[in-house]
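Going from the sequence shown to this note's numbering is simple: count from 1 and add 3.
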Amino acid sequence: MPELPDIQPFKRRLAELDARMADPDFYNDARKAASLSREQQTLSHLTDKYAAYAKASEDLAENQALLDDDSADPDLQELAAEEVPQLKQQQKQLYKEILALMIPPDPSDSRNTIVEIRAGTGGDEAALFAGDLFRMYNRYAENRGWKVELMNVSESEVGGFKEIGFLISGTDVYRQLKFEAGVHRVQRVPVTESGGRIHTSAATVAVLPEAEEVDVAIDPSELEITVARASGPGGQGVNTTDSAVQILHKPTGMIVKCADERSQLKNKNKAMKVLRSRLLEARQREEAAKYAANRKNQVGSGDRSERIRTYNFPQGRLTDHRINLTVYNLPEIVEGALDEVIGALQEADQKVRIEELLERR
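Right, here's the structure in full:
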């Protein structure tokens, strides 16, 4: 095994965090305190495992020296021979765990997340597929105890959605969903198809870490805000006030619409939340693009134009093209059983990051 990276920078950071956490004012900012506490816990695990690795390596070297010593007691050599395989396995496992803990964490991993799904090529079938994707993520969120809040909805006449945006709140939401960004393709016989032919349609998924006001500074003079009467389902549900809000961010040309609430203020607040998150994601994407040339793969690129996955219903097959993963439990997956796919993507990304960590050593 290659030599592990130097542990000293991690020990210095741990000592710094220990000192900060001893400050009575540390918990005044609850969100920041929680983030730093998680980092401190990770670094504590890292230093403990590094010490265990050093001990296992030392014991292994002593046992190996004993086996190589022709004058050593045969009984002791027999005991050493029994311990060597166990120590090698322990050393190998600790080595993997240490490298995983040394990977720099994504600062957005613990954030809540805005997911935006848009129907792409395929007409009505694409809108129906967008609805299927929303249900899949909604069920996945329910299974993990997360909260889902609709931000903006544009329904299709045949069912499904032309576009739907929603906020998912919970523990490590972005960490679990960040690899879902991109183009999702579906192959199946649409309900509108009388001839039984398989059609191919697509929907795009954007995954945005929720941004706070401190993350993105927006000059009010750069915004053009317009209001309109929100459309309703008819009868008593028709919205009779100008509550729908559209915000244009002039420097980027980004347009955010929100009409889900009956309150203009609530719609404006939701639209601003989406705008901040889009701007933060755009900044992160720009920074990632500068680094992408050095990446061995694009598992974590978040490129919305990249075809990442195919859902083949006739064969019950899902294929993730980034890691060449194919599974045959599509009915369960579209009902929210995403753990296997997400876990494989996280494992592939971790492998690449470990390789990069060793190259920079």
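Yeah, the Cβ is synthetic: ideal placement off N, Cα and C, and Gly gets one too. Source: prediction; values computed, not measured.
Problem set entry | Beta carbon of Phe182 nearer than 9 Å to that of Ile120 | Contact annotation: Phe182 and Ile120 have beta-carbon atoms that are not nearer than 9 Å.
For this session: Use the C-beta contact count for Asn66: other C-beta atoms within 10 angstroms, 16 or more gives buried, fewer gives exposed.
Result: Buried, by the Cβ-count rule.
Exercise. Among the residues of its own chain, which have a CB less than 7 Å from the CB of Lys299, if the five just before and after it don't count?
Worked result: Because Lys299 carries a pLDDT of 48, less than 50, the predicted location of this residue cannot be relied on, and no value is offered for it.
Problem set entry | Where Arg279 falls: helix, strand or coil (DSSP) | Of the three classes helix, strand and coil, the one that applies to Arg279 here is helix, per DSSP.
Exercise. Any idea which residues DSSP pairs Ala209 with across the strands?
Worked result: Under DSSP, the beta-bridge partners assigned to Ala209 are Glu119.
Problem set entry | C-beta atoms of Leu136 and Val208 nearer than 9 Å | Cβ atoms of Leu136 and Val208: closer than 9 Å.
Problem set entry | Local Cβ density within 10 Å of Gln179, reported as buried at 16 or more and exposed below that | By the 10 Å Cβ count, Gln179 comes out buried.
Problem set entry | Three-way DSSP call (helix, strand, coil) for Met4 in this model | Coil.
Exercise. What runs of the beta strand (DSSP E), each 3 residues or longer, lie entirely inside the region 124–199?
Worked result: Taken in chain order, the unbroken stretches of beta strand (DSSP E) that lie wholly in the region 124–199 and span 3 residues or more are 150–158, 164–172, 185–191.
Exercise. Beta strand (DSSP E) containing Glu227: first to last residue?
Worked result: Residues 226–231.
Exercise. For Leu268, does the count of other Cβ atoms within 10 angstroms reach 16, so buried, or fall short, so exposed?
Worked result: Exposed is the call here.
Exercise. Would you call the CB atoms of Ser204 and Glu309 closer than 9 Å?
Worked result: At least 9 Å separates the beta-carbon of Ser204 from that of Glu309.
Exercise. Comparing the CB of Asp76 with every heavy atom of the ligand NAD, is any distance shorter than 8 Å?
Worked result: With respect to small molecules bound, the structure shown includes none, and the ligand NAD cannot be examined in it.
Problem set entry | Sub-9 Å separation of Lys52 and Ile101 beta-carbons | Taking 9 Å as the Cβ cut-off, Lys52 and Ile101 qualify as a contacting pair.
Exercise. For Asn315, which of helix, strand or coil comes out of DSSP?
Worked result: Reduced to three states, the DSSP call for Asn315 is strand.
Exercise. With Leu17 and Thr50 assumed to form a contact (beta carbons below 8 Å), what rounded beta-carbon distance in angstroms separates them?
Worked result: With a Cβ gap of about 6 Å, Leu17 and Thr50 count as contacting.
Problem set entry | Close Cβ partners of Tyr98 (< 6 Å) along its chain, the five nearest in sequence each way excluded | Closer than 6 Å at the Cβ level, and outside the excluded window around Tyr98, lie Met4.
Exercise. Pick from Tyr177, Phe132, Ser111, Thr255: whose alpha carbon is nearest that of Arg191?
Worked result: Across the set Tyr177, Phe132, Ser111, Thr255, the C-alpha of Phe132 shows the shortest separation from the C-alpha of Arg191.
Exercise. So Gly319 packs on Arg142, CB below 8 Å; how close in whole Å?
Worked result: That belief does not hold up - the Cβ atoms of Gly319 and Arg142 are roughly 18 Å apart, past 8 Å.
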